[in-house]
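What follows is a set of notes on a single structure, which appears directly below.
Protein chains in written order, with the working numbering: chain Z, 494 to 680; chain B, 6 to 141.
What follows is the structure, given as structure tokens:
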């Protein structure tokens, strides 16, 4: 009887100790799967507070993985005329943000969509608009103007997050598209 | 009765304390502008300039502070080009405003250059600051 009790106690103890380990391992794997899926389909999310503050005040903080390093270098070299706006930064901030952009640029990223952006651009080209890259154009060529420039809520094709509801997290897949006034978009 | 007075005093002193903390930065900047030759800040003059339209070229030939920030400093604005929301400018509607001197200078530089096509003078910045701090 005592032996049975002891064995039961051992089983319970082992169970209580191992169960959480097994579960947490499962959680870990689940996170890894999610991370892998994101990596294998999209671009890295923006998680840099300085970049978000300095570059995300006037427009969406575009994920750096949408343009190659040479494009970011070109953009950062002309901030005093940034698409018609003055976006100058002090020297330290400029350096830190440049380093972040280059490190996470499309040609330095292993995220699938970043690689697609990177591959679509000729090696001697350095577009300064994401919307000028061949991959972007290919993905958006069947969207009528009335849904974008003619749409008061969207106004411009550069407002990614007007339709890509999860753009800030680097997700641009079709399921997350919601065009204001038109709804979901299916190819 | 004594307790009531104490509580009332506390309740009154809390907002006053906040106002003081905010104004410290505004006062410091106003002193800096005065050292650069600005006369006393005039919120009325700041308001007039805020609403003035300046001519430019390109995509936006007519530019004003209110193009993006609206005429009402307690309201949320919208970037005229990108459509991005801009939180209210005045501290009474957005307590984070006017709490960081470096940030204030950065935006004066950028936005004066876009709107007026030049940097603002110390006097203009003093007037804007007075207006943004307490719009009339």
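For glycine and all other residues, C-beta sits at the position ideal for the given N, C-alpha and C.
query = Can you list the residues of chain B that residue 649 of chain Z reaches, using a CB-CB cut of under 8 Å?
reply = 86, 87, 88
ask   = Taking contact to mean at least 3 C-beta pairs separated by less than 8 Å, is the region 634 to 643 of chain Z in contact with the region 532 to 552 of chain Z?
value = no
task = Jot down the residue ranges of each uninterrupted alpha helix (DSSP H) in the region 532 to 583 of chain Z, minimum 4 residues, whole runs only, in chain order.
result = 542 to 548, 562 to 569
key: Terminal residues of the alpha helix (DSSP H) in which residue 133 of chain B lies   = 127 to 138
request  = Could you tell me whether the Cβ atoms of residue 60 of chain B and residue 120 of chain B are closer together than 8 Å?
outcome  = Contact flag unset, no.
ask   = Which residues mark the beginning and the end of the alpha helix (DSSP H) in which residue 657 of chain Z is found?
value = Segment: none, residue 657 of chain Z is in no alpha helix (DSSP H) and carries neither H nor E.
ask   = So what does DSSP say about residue 106 of chain B, is it helix, strand or coil?
value = helix
ask   = Since residue 115 of chain B meets chain Z, which of its residues come closer than 7 Å, beta carbon to beta carbon?
value = 579, 580, 581
task = Flag residue 741 of chain Z as yes if its beta-carbon sits less than 8 Å from any beta-carbon of chain B, otherwise no.
result = Look at the range of chain Z in this structure, 494 to 680, and you will see that residue 741 of chain Z is not part of it.
request  = Would you list, in chain order, the members of the region 53 to 69 of chain B that have their beta-carbon closer than 7 Å to a beta-carbon of chain Z?
outcome  = If the cut-off is 7 Å between Cβ atoms, the region 53 to 69 of chain B has 63, 64 near chain Z.
ask   = Given 8 Å as the limit, is there contact between the region 619 to 629 of chain Z and the region 558 to 570 of chain Z, that is, 3 or more CB pairs closer than that?
value = Yes, the region 619 to 629 of chain Z touches the region 558 to 570 of chain Z.
query = Taking residue 597 of chain Z as the reference, which of Z:547, Z:553, Z:537, Z:628 has the closest Cα?
reply = Z:537
ask   = Among the residues of its own chain, which have a CB less than 8 Å from the CB of residue 647 of chain Z, if the five just before and after it don't count?
value = 640, 641, 655, 656, 672, 673
query = What residue range is occupied by the uninterrupted alpha helix (DSSP H) comprising residue 601 of chain Z?
reply = Unbroken run through residue 601 of chain Z: none, as it is neither H nor E.
query = Between which two residues does the alpha helix (DSSP H) harbouring residue 53 of chain B extend?
reply = 48 to 56
message = Quick check for students: name the residue ranges of the beta strand (DSSP E) that lie wholly in the region 60 to 101 of chain B, counting only runs of 3 or more.
response = none
Which of helix, strand or coil DSSP assigns to residue 30 of chain B = helix
query = Which value, in whole angstroms, describes the spacing of the CA atoms of residue 583 of chain Z and residue 87 of chain B?
reply = 23 Å
Distance, residue 73 of chain B Cα to residue 578 of chain Z Cα = Cα to Cα, the separation comes out at about 13 Å.
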